[in-house]
Amino acid sequence: MIRQIILALFAFIILSLVVIWILNKGPQRIFAQVKSFSFAGSTSTDFALPWQPSNIFSFIEEEDLFGPDAAGANANPDQTSENTGGQYGEIIGNPNDVMTFGDPSPYFRSVHISGAYSNPQTSDIPAEYIVIEASAENTTPISLEGWSLQSALTGVRIALPPAASPLRGGSVNAVNSVSLEPGAYAIIASGASPVGVSFRENICTGYISQFQTFEPALSLNCPSPSGELPLTPENLSQYGDACFDFIYSIPTCEFPKQVPSIVSPACRSFLQNTLSYNGCMNRHYMRSSFDREAWRLYLESDSALWRDQRDVVRLLDDDGRTVDAYVY
Numbered sequence: 152m153i154r155q156i157i158l159a160l161f162a163f164i165i166l167s168l169v170v171i172w173i174l175n176k177g178p179q180r181i182f183a184q185v186k187s188f189s190f191a192g193s194t195s196t197d198f199a200l201p202w203q204p205s206n207i208f209s210f211i212e213e214e215d216l217f218g219p220d221a222a223g224a225n226a227n228p229d230q231t232s233e234n235t236g237g238q239y240g241e242i243i244g245n246p247n248d249v250m251t252f253g254d255p256s257p258y259f260r261s262v263h264i265s266g267a268y269s270n271p272q273t274s275d276i277p278a279e280y281i282v283i284e285a286s287a288e289n290t291t292p293i294s295l296e297g298w299s300l301q302s303a304l305t306g307v308r309i310a311l312p313p314a315a316s317p318l319r320g321g322s323v324n325a326v327n328s329v330s331l332e333p334g335a336y337a338i339i340a341s342g343a344s345p346v347g348v349s350f351r352e353n354i355c356t357g358y359i360s361q362f363q364t365f366e367p368a369l370s371l372n373c374p375s376p377s378g379e380l381p382l383t384p385e386n387l388s389q390y391g392d393a394c395f396d397f398i399y400s401i402p403t404c405e406f407p408k409q410v411p412s413i414v415s416p417a418c419r420s421f422l423q424n425t426l427s428y429n430g431c432m433n434r435h436y437m438r439s440s441f442d443r444e445a446w447r448l449y450l451e452s453d454s455a456l457w458r459d460q461r462d463v464v465r466l467l468d469d470d471g472r473t474v475d476a477y478v479y
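With the working numbering applied, the sequence shown corresponds to residues 152 to 479, in that order.
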């Protein structure tokens, strides 16, 4: 009987101590100590308990895994270093340095960045572009071969591509270096070309915008449909009144998707062969006014190249000298 009382008393004391230990957060303190417990030495590997994260790539240097701490064409331009704000302040605080950066180009004032028409301040890649323009006072075309754009803050630099002139639909295009004639300009988009290649605009490229989206929009000053088929007695006899009635209703730079049933087969054939990009180019390629002053250059980047806010974009010539700079 006495033995049973002693055992019960002993059990009660043990249980009381356990309860007090739990109430005083004993398990949490032990868990915290054990969780951070490890063995490490100069010749041994780290020891980790099951709940401790282990570095399974410990044999790989951090720089090898993530790349050097430098901006590249695929880097996020808005992920800047701590001193970016200071760099920006220093740059815009010295107007002369903004334009020269220590090595001005002989093309300074011959080609400039048109800030009023550029749109670098967006994370929407298709809508991000820089516009450069050749001075109307230039006496000769200026080749852009070897030229590039660069952010003075992030270091991102990318070369200007060659382009097709003329653009040929449905075939592989030959590309050549771009030369800006006096007064001509280039819209340099960060993303991919909707037609797979950089190109020079012409009087027919407006037809392409019916099926592809361009930022900014292509010019829609194509030859008018009514001008393609003059109203003469011969044409009226061959194509019929319904053909001319329909042609006068067709918007400029638009291929007619639906043709009224009363239109003659001869008229249908004419419309299909004429009111399209290739049809327009075949008819007007030899015109002296065929080419327009605008070029569409695509840098084919998968990510935005310029910062949404506060950046300095430089236009560099083939020797890396500053032609112009755009500060925003």
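Backbone N, C-alpha and C fix where the C-beta goes; we use that ideal spot for every residue, glycine too.
Below 8 Å on the Cβ atoms is my contact criterion, and I expect Thr403 with Ser427 to pass it. Report the Cβ-Cβ distance as a whole number of Å. The count along the sequence shown starts at 1 and reaches residue 403 at position 252. The count along the sequence shown starts at 1 and reaches residue 427 at position 276. Contact doesn't hold; Cβ gap of about 13 Å is too wide.
Helix, strand or coil: how does DSSP classify Phe217 here? Here residue 217 corresponds to residue number 66 of the sequence shown, with the count starting at 1. Here the model assigns Phe217 a pLDDT of 28, short of 50, so the residue's position is not dependable and the matter cannot be decided.
Excluding the 5 residues preceding and the 5 following Ala310 in the sequence, name in chain order all residues of the same chain whose CB lies nearer than 8 Å to its CB. On the sequence shown, residue 310 is found 159 positions in, with the first residue counted as 1. Taken in chain order, the residues that qualify are Gly297, Trp298, Ser299.
Please report how far the alpha carbon of Asn289 lies from the alpha carbon of Pro384, in whole angstroms. For the purposes of this step, residue 289 is taken as residue 138 along the sequence shown, with counting starting at 1. For the purposes of this step, residue 384 is taken as residue 233 along the sequence shown, with counting starting at 1. Between Asn289 and Pro384, the C-alpha separation is close to 48 Å.
From which residue to which residue does the alpha helix (DSSP H) around Arg434 run? In the sequence shown, residue 434 corresponds to position 283, counting from 1. Taken as a continuous stretch (DSSP letters only), the alpha helix (DSSP H) holding Arg434 covers 428-435.
Report yes if the CB atom of Leu448 is closer than 9 Å to the CB atom of Ala340, and no otherwise. Reading the sequence shown from its first residue, position 297 is the one you call residue 448. Reading the sequence shown from its first residue, position 189 is the one you call residue 340. In this structure, Ala340 lies closer than 9 Å to Leu448 by Cβ.
Any chance the region 443-459 sits against the region 272-286, with 3 or more Cβ pairs inside 8 Å? Result yes; three or more Cβ-Cβ pairs closer than 8 Å.
If you compare alpha carbons, which of Ile276, Leu371, Glu284, Ala278 is closest to Ser265? For the purposes of this step, residue 265 is taken as the residue at position 114 of the sequence shown. Comparing C-alpha distances from Ser265 to each of Ile276, Leu371, Glu284, Ala278 shows the shortest one belongs to Glu284.
According to DSSP, simplified to helix, strand and coil, what is Pro313? As a first step, residue 313 must be located in the sequence shown, where it is residue number 162. Correct three-state label for Pro313: coil.
Could you check whether Ser370 and Gly357 sit closer than 9 Å to each other, using their CB atoms as the reference points? Here residue 357 corresponds to residue number 206 of the sequence shown, with the count starting at 1. Here residue 370 corresponds to residue number 219 of the sequence shown, with the count starting at 1. Yes, Cβ-Cβ distance for Gly357 and Ser370 is below 9 Å.
Cβ of Asp254 less than 9 Å from any chain D Cβ? Going by chain labels, chain D is absent from the structure shown, which holds only one protein chain.
Ala335 classed as buried or exposed, judged by whether at least 16 other C-beta atoms fall within 10 angstroms: Position 184 of the sequence shown, counted from the start, is the residue given in the question as residue 335. Flag for Ala335 reads buried.
Every unbroken alpha helix (DSSP H) inside the region 325-354 [4 residues or more]: Runs of the alpha helix (DSSP H) inside the region 325-354: none found.
Buried or exposed: where does Ala325 fall if 16 or more other Cβ atoms within 10 Å of its Cβ makes it buried? Residue 325 sits at position 174 when you count from the first residue of the sequence shown. Classification for Ala325: exposed.
Closest to Asp462 by CA distance: which of Thr305, Arg434, Pro416, Gly391 is it? If you number the sequence shown from 1, residue 462 lands on position 311. When C-alpha distances from Asp462 are compared across Thr305, Arg434, Pro416, Gly391, the shortest belongs to Thr305.
Taking 9 Å as the threshold (C-beta atoms), are Ala267 and Pro333 in contact? Residue numbering aside, residue 333 sits at position 182 when the sequence shown is read from its first letter. Residue numbering aside, residue 267 sits at position 116 when the sequence shown is read from its first letter. For the 9 Å CB-CB criterion, Pro333 and Ala267 do not form a contact.
Distance between beta carbons of Ser316 and Arg351, contact taken as under 8 Å: For the purposes of this step, residue 351 is taken as residue 200 along the sequence shown, with counting starting at 1. For the purposes of this step, residue 316 is taken as residue 165 along the sequence shown, with counting starting at 1. That pair is a contact at about 4 Å.
Quick one, are the C-beta atoms of Asp392 and Val262 less than 9 Å apart? Along the sequence shown, one-based indexing puts residue 392 at 241. Along the sequence shown, one-based indexing puts residue 262 at 111. No. Outside cutoff.
Rounded straight-line distance, which links the Cα of Trp446 to that of Ala337: Numbered from 1 along the sequence shown, position 186 holds the residue referred to as residue 337. Numbered from 1 along the sequence shown, position 295 holds the residue referred to as residue 446. Each residue's CA atom was taken as its position, placing Ala337 and Trp446 some 4 Å apart.
Could you check where the beta strand (DSSP E) with Thr403 kicks off and where it finishes? As a position in the sequence shown, residue 403 is number 252, starting the count at 1. That residue, Thr403, is in no beta strand (DSSP E); it is neither H nor E in DSSP.
In angstroms with no decimal places, state the Cα-to-Cα distance between Phe397 and Asn429. Walking along the sequence shown from the start, residue 397 turns up at place 246. Walking along the sequence shown from the start, residue 429 turns up at place 278. Taking the straight line from one Cα to the other gives about 21 Å.
When Asn353, Ser440, Arg419, Gly347 are compared against Leu380, the one with the closest alpha-carbon: To locate residue 380, count along the sequence shown from 1; it is residue 229. That would be Arg419, whose Cα lies nearest to the Cα of Leu380.
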